[in-house]
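Here's the structure we're looking at; comments come further down.
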Amino acid sequence: MNKIIMTIGVASSLLTTPTEKDGTEVYYSTQLVYAMNNIEDMKEWVIQDVANNKIDSVMAEFYFETLDETYGFINDFYEHECK
């Protein structure tokens, strides 16, 4: 029983966000690249939604501004901390 509990504990610790000894979170560069790719995908969805008249162009501009800003934050962090 103790071996099962220990195995579950070790496995769950491997699945959680990695942390440094001081408790700060560590983000791997691949995770940041995936996040930037997701933002690019979302921008394509917005374009499709405008084309299909699901949202208007004014709302799309708000979405683009937010997505571009978020992409910039992630990219800045990636460029300064991961390269």
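For the working numbering, count along the sequence shown from 1 and bump the result up by 2.
Beta carbons are placed, not taken as given, at the ideal position from N, Cα and C, and that holds for glycine.
Counting Cβ pairs closer than 8 Å, one from the segment 64 to 78 and one from the segment 39 to 46, do we hit at least three?
In short, these stretches touch, since the Cβ pair count reaches three.
With a Cβ-Cβ cutoff of 8 Å, do L34 and F75 count as a contact?
Against the sequence shown, residue 34 aligns to sequence position 32. Against the sequence shown, residue 75 aligns to sequence position 73. Cβ atoms of L34 and F75: not closer than 8 Å.
In angstroms, rounded to a whole number, what distance separates the CA positions of T55 and I41?
As a first step, residue 55 must be located in the sequence shown, where it is residue number 53. As a first step, residue 41 must be located in the sequence shown, where it is residue number 39. It should be noted that the sequence gives Asn, not Thr, for residue 55. C-alpha separation (whole angstroms): 21 Å.
Roughly how many whole angstroms lie between the Cα atoms of I49 and E71?
Here the question's residue 49 lines up with position 47 in the sequence shown. Here the question's residue 71 lines up with position 69 in the sequence shown. Their Cα atoms are separated by approximately 17 Å.
Do you know whose CA, among D51, N77, E81, lies nearest M38's CA?
As a working note, residue 38 is residue 36 in the sequence shown. Nearest option by C-alpha distance: N77.
Which first and last residues belong to the alpha helix (DSSP H) in which K56 is found?
For the purposes of this step, residue 56 is taken as the residue at position 54 of the sequence shown. First-last for K56: undefined, no H or E at that position.
How long is the line joining the alpha carbons of A62 and E83, rounded to whole angstroms?
Numbered from its first residue, the sequence shown carries residue 62 at position 60. Numbered from its first residue, the sequence shown carries residue 83 at position 81. Approximately 31 Å, taken between the alpha carbons.
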